[in-house]
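First residue of the sequence shown? That's 96 in the numbering used here, and the numbers climb one at a time after it.
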Amino acid sequence: MFSLSELGQRLKEAREQKEINLDDLQKTTKIQKRYLLAIEEGNFDALPGKFYARAFVKNYAEAVGLDAEQILQEFGNELPNPHKEGPELPSRRTVRAKKTPTNSKKKTKGYSIIPALIAGIIIIVVFGVIWVFAQMNTKDGADGVITEEQDDAFEGEISEEIPSGEGIPNEEDEAQDQTDEDQAVPAEEVVEEPTQEQQLTQTNISGNQSFYTLDGVDTFEVKLSFTGRSYVGIQNAKGNSFYASEAKGGDELEYDFSSEEEITFNLGASQNVTMEINDEPFELPLDVVHQKITIVFQPANQ
Numbered sequence: 096m097f098s099l100s101e102l103g104q105r106l107k108e109a110r111e112q113k114e115i116n117l118d119d120l121q122k123t124t125k126i127q128k129r130y131l132l133a134i135e136e137g138n139f140d141a142l143p144g145k146f147y148a149r150a151f152v153k154n155y156a157e158a159v160g161l162d163a164e165q166i167l168q169e170f171g172n173e174l175p176n177p178h179k180e181g182p183e184l185p186s187r188r189t190v191r192a193k194k195t196p197t198n199s200k201k202k203t204k205g206y207s208i209i210p211a212l213i214a215g216i217i218i219i220v221v222f223g224v225i226w227v228f229a230q231m232n233t234k235d236g237a238d239g240v241i242t243e244e245q246d247d248a249f250e251g252e253i254s255e256e257i258p259s260g261e262g263i264p265n266e267e268d269e270a271q272d273q274t275d276e277d278q279a280v281p282a283e284e285v286v287e288e289p290t291q292e293q294q295l296t297q298t299n300i301s302g303n304q305s306f307y308t309l310d311g312v313d314t315f316e317v318k319l320s321f322t323g324r325s326y327v328g329i330q331n332a333k334g335n336s337f338y339a340s341e342a343k344g345g346d347e348l349e350y351d352f353s354s355e356e357e358i359t360f361n362l363g364a365s366q367n368v369t370m371e372i373n374d375e376p377f378e379l380p381l382d383v384v385h386q387k388i389t390i391v392f393q394p395a396n397q
């Protein structure tokens, strides 16, 4: 059980003075009751992400009649810092990023080269034996001519040394032996990598701003398409801007935010905007002209 922090104690006292219970506060702030209780106890690790600590505390303070900015300034040291140091991405209109396939098979070498080397050595030895016999035949014949008696004697030697049905292996026999040896070598096991499944979860809505978490995958790629004029602003958690301008009908913006912890989309004339996340359609949460969407990215490999 967590003890109340100074910030949690201040918020709880203000709530009790207003005679507001947690159920009523949940309806007012749209923040789940368990998160409100975690704020009062100072258990910020129970929140869905570090970013939500300041947003939730601000909504809580406003709902119980406190000056939210003063509360955040006074107790800011109790709140977790959502920003992490990391490389900044350059602003660009269109970023084409090659996706890493989620399903791949490891190609393995299934056959050994040892049988091929053995077969090659055997063939060399066989041709060497044939060459020796050819030299012997040339030596035995006078002026290159073999007499009838020599020919009969030579055939007798061959018939005694090489029994019927046996002889020097030919190329077809060697090829068959090579095939049999190759088939005896087992192929290495093919390992199939697990399939990743994207999970995009809405965690809160405050006014015209919606909050989501993206997990289950290790990529965060976004595509924005426009059917008419719309103002677009895109920032990361540190406030660095990727795009801040007006888009017109037919424009497309593509970004790879896989190295970012959090991205906020500020969309004007949002009815003219369609959005895809990792090639999957994303329906804008609010039916309003101006809305903001914040997505906290939690990669699957972390």
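Every residue gets a Cβ at the ideal spot worked out from N, C-alpha and C, and that includes glycine.
Quick caveat, the model's predicted, so the values are computed rather than measured.
Terminal residues of the continuous beta strand (DSSP E) containing A109?
Careful: A109 lies outside any beta strand (DSSP E), inside the alpha helix (DSSP H) at 101-112.
Please name the residue, chosen from L379, S320, S325, G344, that lies closest to Y350 on a Cα-to-Cα basis.
S320
Have a look at H385, Q366, L348, Q386 and flag the residue whose alpha-carbon is nearest the alpha-carbon of I372.
L348
Spatial neighbours of I209 within its chain, please: C-beta separation below 6 Å, excluding the five flanking residues on both sides.
none
Spatial distance of I134 from G302 (CA atoms):
21 Å
Buried or exposed: which applies to A229, given that a residue is buried once 16 or more other Cβ atoms fall within 10 Å of its Cβ?
exposed
Hey, how far is the Cα of K333 from the Cα of G363?
22 Å
Put I134 into one of helix, strand or coil per three-state DSSP.
helix
Answer yes or no: do F139 and L161 have a C-beta to C-beta separation smaller than 9 Å?
no
By how many angstroms is the C-alpha of F306 removed from the C-alpha of E101?
27 Å
Thinking C-alpha only, which one of Q293, I390, Q330 is nearest N396?
Q293
Beta-carbon spacing of F352, F392 below 9 Å
yes
In terms of alpha-carbon separation, which member of P394, N361, M370 lies closest to H385?
N361
Buried versus exposed call for L212 [16 or more other C-beta atoms within 10 Å across all chains shown]
exposed
Which residues does DSSP list as the beta-bridge partners of Y326?
E341
Would you please state the rounded distance, in angstroms, between the beta carbons of I358 and I329? I believe it to be under 8 Å.
7 Å
Classify F222: buried if its beta carbon has 16 or more other beta carbons within 10 angstroms, exposed otherwise.
exposed
Helix, strand or coil: how does DSSP classify D313 here?
coil
Whether K125 touches N154 by CB criterion (9 Å):
yes
Going by DSSP in three states, I213 sits in which element: helix, strand or coil?
helix
Just curious, the alpha helix (DSSP H) that T369 is in, first and last residue?
It is not in any alpha helix (DSSP H) - T369 instead sits in the beta strand (DSSP E) that spans 368-372.
At a cut-off of 8 Å, would you count D162 as near the ligand GTP, judging by its Cβ distance to the nearest heavy atom?
This structure lacks the ligand GTP; in fact it carries no ligand of any kind.
Tell me the rounded alpha-carbon separation between V327 and Y147.
23 Å
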